[in-house]
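Asks: Numbering (UniProt numbering), first residue to last: 1 to 561. Every residue gets a Cβ at the ideal spot worked out from N, C-alpha and C, and that includes glycine.
(1) As an exercise, report each continuous beta strand (DSSP E) stretch of at least 3 residues that is fully enclosed by the stretch 219-255, in chain order.
(2) What are the complete beta strand (DSSP E) segments, minimum 3 residues, inside the stretch 115-190?
(3) I believe residue 403 touches residue 436 by the beta-carbon criterion, under 8 Å. Please report the beta-carbon distance rounded to the nearest angstrom.
(4) Going along the chain, which residues of its own chain have a beta-carbon closer than 7 Å to the beta-carbon of residue 370, five neighbours each way excluded?
(5) According to DSSP, simplified to helix, strand and coil, what is residue 578?
(6) Given 8 Å as the limit, is there contact between the stretch 99-106 and the stretch 69-80, that is, 3 or more CB pairs closer than that?
(7) Report all residues from its chain with a CB closer than 8 Å to the CB of residue 401; omit the five preceding and five following residues, and keep chain order.
(8) I believe residue 486 touches residue 393 by the beta-carbon criterion, under 8 Å. Please report the beta-carbon distance rounded to the nearest angstrom.
(9) In chain order, what residues of the same chain have a beta carbon less than 6 Å from the beta carbon of residue 52, not counting five sequence neighbours either side?
(10) I'd like to know whether the C-beta atoms of residue 57 and residue 38 end up nearer to each other than 8 Å.
(11) Please classify residue 7: is it buried, with 16 or more other beta-carbons within 10 angstroms of its beta-carbon, or exposed?
(12) Return the residue from the list 284, 240, 273 that minimises the CA-CA distance to residue 45.
(13) Which residues does DSSP list as the beta-bridge partners of residue 355?
(14) Can you confirm whether the stretch 199-216 touches the stretch 73-89 when touching is taken to mean that 3 or more C-beta pairs between the two stretches lie within less than 8 Å?
(15) Rounded to a whole number of angstroms, what is the C-alpha to C-alpha distance between residue 344 and residue 317?
(16) Evaluate residue 416 with the Cβ neighbour count: other Cβ atoms within 10 Å of its Cβ, from every protein chain shown; 16 or more gives buried, anything less gives exposed.
(17) Residue 24 to residue 227, Cα distance in whole Å?
(18) Just to confirm, is the Cβ distance from residue 275 to residue 303 under 8 Å?
(19) Since residue 381 is in the alpha helix (DSSP H), which residue starts that stretch and which ends it?
(20) Please list, in chain order, all residues of the same chain as residue 635 whose beta carbon is under 6 Å from its beta carbon, the five residues on each side excluded.
(21) Could you tell me whether the Cβ atoms of residue 488 and residue 507 are closer together than 8 Å?
(22) By Cβ distance below 8 Å, which residues in the same chain neighbour residue 399 in space, the five residues on each side in sequence not counted?
(23) Quickly, what does DSSP pair residue 205 with across the bridge? List them, please.
(24) Pick helix, strand or coil for residue 88, following the three-state DSSP scheme.
(25) For the pair the stretch 305-325 and the stretch 261-272, tell me if three or more CB-CB distances fall below 8 Å.
(26) State the Cα-Cα distance for the pair residue 263 and residue 476, rounded to the nearest angstrom.
(27) In whole angstroms, give me the CA-to-CA distance for residue 540 and residue 224.
(28) Contact between the stretch 275-295 and the stretch 227-242: three or more CB pairs below 8 Å?
(29) From which residue to which residue does the alpha helix (DSSP H) around residue 333 run?
(30) Compare the beta carbon distance of residue 49 and residue 83 with 8 Å and say whether it is the shorter of the two.
(31) What three-state label does DSSP hand residue 564 in the structure shown?
(32) Taking only three categories from DSSP, how would you classify residue 410?
(33) Could you tell me whether the Cβ atoms of residue 300 and residue 250 are closer together than 8 Å?
(34) Bridge partners for residue 489 per DSSP, in chain order?
(35) Along the chain, where does the beta strand (DSSP E) containing residue 278 start, and where does it finish?
(36) Could you give the residue range of the beta strand (DSSP E) that holds residue 458?
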């Protein structure tokens, strides 16, 4: 079997060739101790910049300890309990994340675009009884079975802003807070961060740390429980791979609830003692102002954000000429944009590959030897191989097959979901490996290329959408007789969600594309809502009488502009 070599535990500060060299093992401690260490070593150093407000490492740690104490003493959070965090990028998010860990609990990060039913499904599955949420999202925590038992710490983004923000801020940041007295479940952030922290046992490397959710083959969300050790692995790894240090200014523009932003910027940045330049939500015009003022050195973003920034009318070279590393993934970087980055700024987009199950990267392009169109080489202590997706037989270099991975950053199994475990893991060559569901090939010198997906997952601007979930919702529409959801090519997002629908006879001529999209928007996170709806008389079937989504997918690709 051809398997990439097991790499050493650490890499040099700047890899000098395609394969990293060995350094000492990563720290065996809780992730929260990284922040505690920075607060002790460099208390006055700026940890966070938020539209002009600056927060030192010492001040950040004080708020973390206070909120941790409130969670433990007032809300009864115990080690191992799950605590949901539903916030946009903000100082509140960083504090909530680390306070949950300091209390010995497990962070369950939520996408703020999730609707109430989606929030309810995840909180019910994970057993969450305490959540830290933004004021504008409180309504998502009602209307489903068990919601009445929750306790919610409610934060207002505006409270974290300076009197005069130095860049435009999103409107949602200024929404009024809900009436806390009207709902006994609610407690204000201000009250929660005035509590003294009681003595809390240290987290162990093997203790659970973070549990992001990813969609399953039936649309049911799957919890990915990660330990402090697995989170430490990809945080420390990326901090060193990207040369982060206390002198670094790292952009926190990718969502921090997503493993890409969580690890490369939040946990990787704090591990290195860097300054995090946080934007609540991506806005290219605001980014130009903030980048020009605060001079980031590390820009971690998917291609869509890079494209937006370069296309912004107010963009000048000053917004990027301080950047030393630009990295990301999710979708391929367009060649023309990559060439512009290199021509104007001498920057090569460092593409990587990973997933929620691996706490992000299993592959990264070496800084000194990146390769266009490749997701890079396996990162330290990680192995990967290419196999026939039907037989799991190893394939030689150059042949396309399913990518399998294994390493210390991989979950041991999904949260209370043995059926999903049986589908996702396989033993190859005596090693238990994760089936990524992605098709790719490996070059003779160890670079991996992702060429297609074995799964049906739609990847829209880096957000993953499972068609079965969207189809399940559309079938609930009174006008829909049949439907199939596919990925449609999109020049901006890479892919977008398209629904092909057979209407019931009585609905033909009465229900239009806007009706379906508007109805779905009220019930799904924005990134899951179909952006294209096509009404058809019938859907093609396979020999087993299943809708032939592959044929429809091929047709959509063939007719793409």
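Replies: Short version:
(1) If one requires a minimum length of 3 residues, the beta strand (DSSP E) runs lying completely within the stretch 219-255 are 221-223, 249-252, in chain order.
(2) Every beta strand (DSSP E) of 3 residues or more that sits fully in the stretch 115-190 is shown, in chain order, as 130-134, 151-155, 186-188.
(3) The count along the chain shown starts at 1 and reaches residue 403 at position 403. The count along the chain shown starts at 1 and reaches residue 436 at position 436. Cβ atoms of residue 403 and residue 436 come within 8 Å of each other, at about 5 Å.
(4) In the chain shown, counting from the first residue as 1, residue 370 sits at position 370. Excluding residues within five positions, the ones whose Cβ falls inside 7 Å are 348, 350.
(5) With the chain represented from 1 up to 561, any question about residue 578 goes unanswered, as that position is not in the structure.
(6) Taking a cut-off of 8 Å on C-beta distances, the stretch 99-106 touches the stretch 69-80, as three or more cross pairs fall below it.
(7) The count along the chain shown starts at 1 and reaches residue 401 at position 401. Excluding positions up to five away in sequence, the list reads 386, 387, 388, 389, 395, 439, 440, 441.
(8) The residue given as residue 486 occupies position 486 in the chain shown. The residue given as residue 393 occupies position 393 in the chain shown. Contact doesn't hold; Cβ gap of about 30 Å is too wide.
(9) As a working note, residue 52 is residue 52 in the chain shown. If we look at residue 52 and ignore the five residues flanking it on each side, its Cβ neighbours are 162, 165, 166.
(10) Residue 57 sits at position 57 when you count from the first residue of the chain shown. Residue 38 sits at position 38 when you count from the first residue of the chain shown. Yes, they are a contact pair.
(11) Walking along the chain shown from the start, residue 7 turns up at place 7. Residue placement at residue 7 is flagged as unreliable, the pLDDT there being 27, under the threshold of 50; a coordinate-derived value is accordingly withheld.
(12) Here residue 45 is taken as the residue at index 45 of the chain shown, counted from 1. When C-alpha distances from residue 45 are compared across 284, 240, 273, the shortest belongs to 273.
(13) For the purposes of this step, residue 355 is identified with residue 355 of the chain shown, where counting begins at 1. Per DSSP, 360.
(14) At 8 Å Cβ cutoff, the stretches touch.
(15) Within the chain shown, numbered from 1, the residue matching residue 344 stands at position 344. Within the chain shown, numbered from 1, the residue matching residue 317 stands at position 317. In a straight line, the C-alpha of residue 344 is about 8 Å away from that of residue 317.
(16) If you number the chain shown from 1, residue 416 lands on position 416. Flag for residue 416 reads exposed.
(17) Along the chain shown, one-based indexing puts residue 24 at 24. Along the chain shown, one-based indexing puts residue 227 at 227. Only weak support is given to the placement of residue 24: the predicted model assigns it a pLDDT of 44, under 50, and the value that follows is read from those uncertain coordinates. C-alpha separation (whole angstroms): 20 Å.
(18) One-based indexing of the chain shown puts residue 275 at position 275. One-based indexing of the chain shown puts residue 303 at position 303. For residue 275 and residue 303, no; Cβs fall outside 8 Å.
(19) Here the question's residue 381 lines up with position 381 in the chain shown. Where residue 381 is concerned, there is no enclosing alpha helix (DSSP H), given that its DSSP letter is neither H nor E.
(20) Residue 635 cannot be examined here, being either before or after the span of the chain that is shown, 1 to 561.
(21) Counted from its first residue, the chain shown places residue 488 at position 488. Counted from its first residue, the chain shown places residue 507 at position 507. No, the pair does not count as a contact, with Cβ atoms beyond the cut-off.
(22) If you number the chain shown from 1, residue 399 lands on position 399. Answer for residue 399: 386, 441, listed in chain order.
(23) Numbered from its first residue, the chain shown carries residue 205 at position 205. Beta-bridge pairing links residue 205 to no other residue.
(24) By one-based count along the chain shown, residue 88 stands at place 88. Correct three-state label for residue 88: coil.
(25) When Cβ pairs closer than 8 Å are counted between the two stretches, the stretch 305-325 is seen not to touch the stretch 261-272, the count staying below three.
(26) Stepping through the chain shown from its first residue, residue 263 is reached at position 263. Stepping through the chain shown from its first residue, residue 476 is reached at position 476. If I take the Cα positions, the gap works out to 37 Å.
(27) If you number the chain shown from 1, residue 540 lands on position 540. If you number the chain shown from 1, residue 224 lands on position 224. When the Cα atoms are used, residue 540 and residue 224 turn out to be separated by approximately 35 Å.
(28) Counting Cβ pairs under 8 Å, fewer than three are found: no touch.
(29) As a working mapping, residue 333 is identified with position 333 in the chain shown. For residue 333, there is no enclosing alpha helix (DSSP H), as DSSP marks it with neither H nor E.
(30) Translated into the one-based positions of the chain shown, residue 49 becomes position 49. Translated into the one-based positions of the chain shown, residue 83 becomes position 83. The answer is no: Cβ separation not under 8 Å.
(31) Nothing can be reported for residue 564: it is not among the residues displayed for the chain, which extend from 1 to 561.
(32) Taking the first residue of the chain shown as position 1, residue 410 is located at position 410. It is coil, neither helix nor strand.
(33) Along the chain shown, read from residue 1 onward, the residue named residue 300 stands at position 300. Along the chain shown, read from residue 1 onward, the residue named residue 250 stands at position 250. A contact, by the Cβ cut-off of 8 Å.
(34) Residue 489 sits at position 489 when you count from the first residue of the chain shown. For residue 489, which the question treats as bridged, DSSP gives the partners 495.
(35) Here residue 278 refers to the residue found at position 278 of the chain shown. Note, residue 278: beta strand (DSSP E), 275-278.
(36) Taking the chain shown and counting its residues from 1, the one referred to as residue 458 is at position 458. 458-460 is the span of the beta strand (DSSP E), which, as asked, contains residue 458.
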